[in-house]
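Report on the structure given below.
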Amino acid sequence: MLSITSRAYEQFLTARGYQWGERSRHKSIPPFIMQADLDSIRLFLRHYFEAEGSAVRSMRSVEIASASPRLMQQLATLLRRFSIWLRVTVKQKRATNGSGIFRPYSIGTIGGNSVRRFLQEIGFVSDRKQQLLEAICQTVSNTNVEEIPASEIVADLVRSTKLPIRHFGMNNTVYLNGSQQFSRSSLAQVVTSCDAILSGEAEQHYRQLPPSRWINQTLQAYTNLDVCRISRTRQQMQNLLDQEVFYCRIESIESQDYEGWVYDFEVADHHNFVANQILCHNTVQLITLLLHLQEQSALEQPILLVCPTSVLGNWEREVKRFAPSLKVLVHHGDKRSTGKAFAKAAKAHHLVVTSYALTYRDSKDFESVDWQGVVLDEAQNIKNSESKQSQAVRQLQPQFRIALTGTPVENRLSELWSILDFLNPGYLGPRNFFQRRFAIPIERYGDTASLQTLRSLVQPFILRRLKTDRSIIQDLPDKQEMSVFCGLSTEQAALYQAAVDHSLREIESADGIQRHGMILALLVKLKQICNHPALRTEAAIDANFAKQSGKLQRLTEMLEELLAEGDTAPGALRDRALIFTQFAEWGKLLKPYLEKQFGREVLFLYGGTSKKQREEMVDRFQNDPQGPRIFILSLKAGGVGLNLTRANHVFHFDRWWNPAVENQATDRVFRIGQTRNVQVHKFVCTGTLEERIHELIESKKALSEQIVGTGESWLTDFDTEQLRDLLLLDRTAVIDD
501 MLSITSRAYE QFLTARGYQW GERSRHKSIP PFIMQADLDS IRLFLRHYFE
551 AEGSAVRSMR SVEIASASPR LMQQLATLLR RFSIWLRVTV KQKRATNGSG
601 IFRPYSIGTI GGNSVRRFLQ EIGFVSDRKQ QLLEAICQTV SNTNVEEIPA
651 SEIVADLVRS TKLPIRHFGM NNTVYLNGSQ QFSRSSLAQV VTSCDAILSG
701 EAEQHYRQLP PSRWINQTLQ AYTNLDVCRI SRTRQQMQNL LDQEVFYCRI
751 ESIESQDYEG WVYDFEVADH HNFVANQILC HNTVQLITLL LHLQEQSALE
801 QPILLVCPTS VLGNWEREVK RFAPSLKVLV HHGDKRSTGK AFAKAAKAHH
851 LVVTSYALTY RDSKDFESVD WQGVVLDEAQ NIKNSESKQS QAVRQLQPQF
901 RIALTGTPVE NRLSELWSIL DFLNPGYLGP RNFFQRRFAI PIERYGDTAS
951 LQTLRSLVQP FILRRLKTDR SIIQDLPDKQ EMSVFCGLST EQAALYQAAV
1001 DHSLREIESA DGIQRHGMIL ALLVKLKQIC NHPALRTEAA IDANFAKQSG
1051 KLQRLTEMLE ELLAEGDTAP GALRDRALIF TQFAEWGKLL KPYLEKQFGR
1101 EVLFLYGGTS KKQREEMVDR FQNDPQGPRI FILSLKAGGV GLNLTRANHV
1151 FHFDRWWNPA VENQATDRVF RIGQTRNVQV HKFVCTGTLE ERIHELIESK
1201 KALSEQIVGT GESWLTDFDT EQLRDLLLLD RTAVIDD
């Protein structure tokens, strides 16, 4: 046994950096302990928890408190070295120094599997605490992992009635302050209490109590009750209770040695949402799931996969490539089967692939089949919950649902709600409730508490990986993004100024929806002018065609360099380029111009391109060493679902003013399978609204990144003076003839 005097003890700790005399809220663990070996840290933690911690049997946890947030953070860091998670919260407690004042304390709690790890790795010194810890670990855990998002609904009810919370079957406010969500039983108790209030039973019981000031206040609250409001809220809560279990029951637990992220891709009777930013091959993940079901003899009914028309063929090819044992039916085209013939054909296949448009047109056919699962590829296509295709897919009743997307939020949080509501109807509440509780506080006021609550609600359903993740970035080459600033030709400048002057006069005298529509129309017109005057006036593709547009002049120069450098390289290493534009009319003009300019074939894919032509274009661009090296795509038709990793240059000729949409288009190239560095060129006309909005949208990227984008509709809220400042033409940016 080691014995030292208090003086020696003081010198020992002082020599190792311990600060004596610090107030309790400033205390910390000395560096020599933080940097010690595992055995020394284990010894320190065992004795520290013996002195300061306690085993709480009623909570099945180990708890420790400190006035020092830093010390608690250090304890959490040390415990993580043993794979033990210390959950830290801050609460007001009475000081233990005799002053009796209330002050904030950091409360550390070790629960769940971490308690068992604590017993195995650390433990207590005294027999009493150690035996209590062992008893806690032997207690059978409750495997009903369930939360119902009703806190806001009940909190509003309590506030509006002014009744004490115990009249609603609650003993404290944990369900109302956001620290804990309702379980099925606790919410059922609130519903039962509402029934007692509505029937008058609760008030009658309360009137039998001895009179007091508090009883009189409560009786006055009963007199002023809004019975209709209570009844409506009661029905809302009952609707939540009538839904399927929000979380699942854990049937068994098995320990596995593994390093890295582990995902249960599909949990029985539950629904998942994949937001993988396009790099993780949602296609392959889904095919892997189907193969797993097939191997387990669990693929008993067909799976319906809904995707954009442009990727129907891609899904068919990828399934045949990775899972030739799966039978695939592509439901598309004039010769597609209908009625009983379709139902029979669907049941004879493992996977049925169709487009979003057909889910509405052939809705009766799809509803006639018992689907084991419904999968939405590019699930942002149902972001408008009121659209016909969104309503059609919601009518289907499969055993499970999965949504795949790289952009869960493009413009507004209501899009995220629409996708989650498809997967788990009612989970985030009605749309109006979601707007009040989350969308407005987060989008309008930047409410971080609401953001954190929303994130915690959606995370259990989202498998999300980003290119910035360490496990992913090592598999990708570099991507360089650059803005290409171009001037306006004199013709463009004249058209631009005339359009601004004319439209602002009309906008100034308009209001409401008409004003919004006029602003959006003006923005489209100005973007077309910034591209080329030919989009607003007739123009021949002649020697002067490029001179009429500053952007086209710069694009021509850059493509000349790209093609010249690549011509001397082997076919597989030749530079190839994608050019994205949101205007199909511009693509139809740009294609013949570039073919004439460079004497080589240029591909062009837009909404009017047939499925067969799309597949041929993609195949030639991707796989033919001597194939076309320039591919023009309309942003909407070619910005999703395609794999075009043979390109290493991406040109955004005009801007969508939505970072999520532009990034998704870029990710046709920058994804797993890309072996070369990628250069992204974003064209901007200087001295115009394009340059000013280019700066504005940088601040708008945060919303999409925090949850799981923006369009141009937010510009319609500008007043006339703000619009004039935004649209003002800087004459110094005009190119001299």
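Everything in the sequence shown is counted per this note's numbering, starting at 501 for the first residue and increasing by one.
We put the CB at the ideal spot given by N, CA and C, even for glycine.
Distance check for residue j and residue i, CA to CA, integer angstroms please.
{"i": "V1234", "j": "P808", "result": "41 Å"}
{"i": "P569", "j": "I610", "result": "16 Å"}
{"i": "S540", "j": "H547", "result": "11 Å"}
{"i": "R894", "j": "E867", "result": "10 Å"}
{"i": "Y675", "j": "L957", "result": "15 Å"}
{"i": "T783", "j": "L896", "result": "22 Å"}
{"i": "P604", "j": "V590", "result": "6 Å"}
{"i": "F746", "j": "M737", "result": "Residue confidence for F746 is low, a pLDDT of 48 falling below 50, so the modelled location carries little weight and cannot support an answer."}
{"i": "H1149", "j": "R1076", "result": "6 Å"}
{"i": "E1057", "j": "V984", "result": "12 Å"}
{"i": "L913", "j": "A1160", "result": "13 Å"}
{"i": "E991", "j": "H1194", "result": "23 Å"}
{"i": "A848", "j": "R836", "result": "15 Å"}
{"i": "W1157", "j": "W585", "result": "43 Å"}
{"i": "S524", "j": "A567", "result": "6 Å"}
{"i": "S651", "j": "R1114", "result": "50 Å"}
{"i": "L876", "j": "A903", "result": "5 Å"}
{"i": "T514", "j": "Q952", "result": "42 Å"}
{"i": "V811", "j": "K820", "result": "14 Å"}
{"i": "A508", "j": "V654", "result": "60 Å"}
{"i": "S470", "j": "F1218", "result": "Examination of residue 470 is not possible in this model, given that the chain is present from 501 through 1237 alone."}
{"i": "T718", "j": "R542", "result": "54 Å"}
{"i": "Q511", "j": "D656", "result": "59 Å"}
For the putative contact between residue i and residue j, defined by C-beta atoms under 8 Å, what is the C-beta separation to the nearest angstrom?
{"i": "K1051", "j": "V1180", "result": "With a Cβ gap of about 16 Å, K1051 and V1180 do not count as contacting."}
{"i": "R617", "j": "S583", "result": "6 Å"}
{"i": "L545", "j": "I622", "result": "5 Å"}
{"i": "I648", "j": "V658", "result": "17 Å between Cβ atoms; not a contact."}
{"i": "A1223", "j": "I1019", "result": "It should be pointed out that residue 1223 corresponds to Leu in this sequence rather than to Ala. Right, their Cβ atoms sit about 7 Å apart."}
{"i": "Q1122", "j": "R1146", "result": "5 Å"}
Helix, strand or coil for residue i per DSSP?
{"i": "R901", "result": "strand"}
{"i": "E1191", "result": "helix"}
{"i": "I529", "result": "coil"}
{"i": "K1112", "result": "helix"}
{"i": "C780", "result": "Residue placement at C780 cannot be trusted, given a pLDDT of 39 that sits under 50; what the coordinates show is reported in the next sentence. In this structure, C780 counts as coil in the three-state DSSP scheme."}
{"i": "E522", "result": "coil"}
{"i": "H1016", "result": "helix"}
{"i": "M559", "result": "coil"}
{"i": "I622", "result": "coil"}
{"i": "P1033", "result": "helix"}
{"i": "T718", "result": "helix"}
{"i": "K883", "result": "coil"}
{"i": "F1183", "result": "strand"}
{"i": "R587", "result": "strand"}
{"i": "P604", "result": "strand"}
{"i": "V1169", "result": "coil"}
{"i": "H831", "result": "strand"}
{"i": "T643", "result": "Bear in mind that a pLDDT of 49 at T643, under 50, signals an unreliable position, so the number given afterwards is only what the model happens to contain. T643: coil per DSSP, three-state reduction."}
{"i": "K979", "result": "strand"}
{"i": "Q796", "result": "coil"}
{"i": "Q1222", "result": "helix"}
Can residue i and residue j be called in contact, C-beta distance under 8 Å?
{"i": "A879", "j": "I940", "result": "no"}
{"i": "K1025", "j": "A999", "result": "yes"}
{"i": "Y996", "j": "I962", "result": "no"}
{"i": "P802", "j": "A846", "result": "yes"}
{"i": "W815", "j": "L829", "result": "no"}
{"i": "L826", "j": "H792", "result": "no"}
{"i": "S1189", "j": "L1227", "result": "It should be pointed out that residue 1189 corresponds to Leu in this sequence rather than to Ser. Cβ distance < 8 Å, so L1189 and L1227 count as in contact."}
{"i": "T859", "j": "Q889", "result": "yes"}
{"i": "V615", "j": "V556", "result": "no"}
{"i": "C637", "j": "L663", "result": "no"}
message = Does the structure place the stretch 1130 to 1139 close enough to the stretch 1095 to 1115 that three or more beta carbon pairs sit under 8 Å?
response = yes
message = If contact is defined by three or more beta carbon pairs under 8 Å, each pair taking one atom from either stretch, is the stretch 1149 to 1168 in contact with the stretch 1071 to 1085?
response = yes
ask   = Touching or not, the stretch 661 to 669 and the stretch 677 to 696, by the rule of three or more beta carbon pairs under 8 Å?
value = yes
key: Segment contact flag, the stretch 698 to 710 with the stretch 623 to 631, C-beta cutoff 8 Å, min 3 pairs   = no
contact_flag[the stretch 825 to 836, the stretch 874 to 891] where n(CB pairs < 8 Å) is 3 or more = no
task = Check whether the stretch 1091 to 1098 touches the stretch 786 to 796, taking contact to mean three or more Cβ pairs, one atom from each stretch, closer than 8 Å.
result = no
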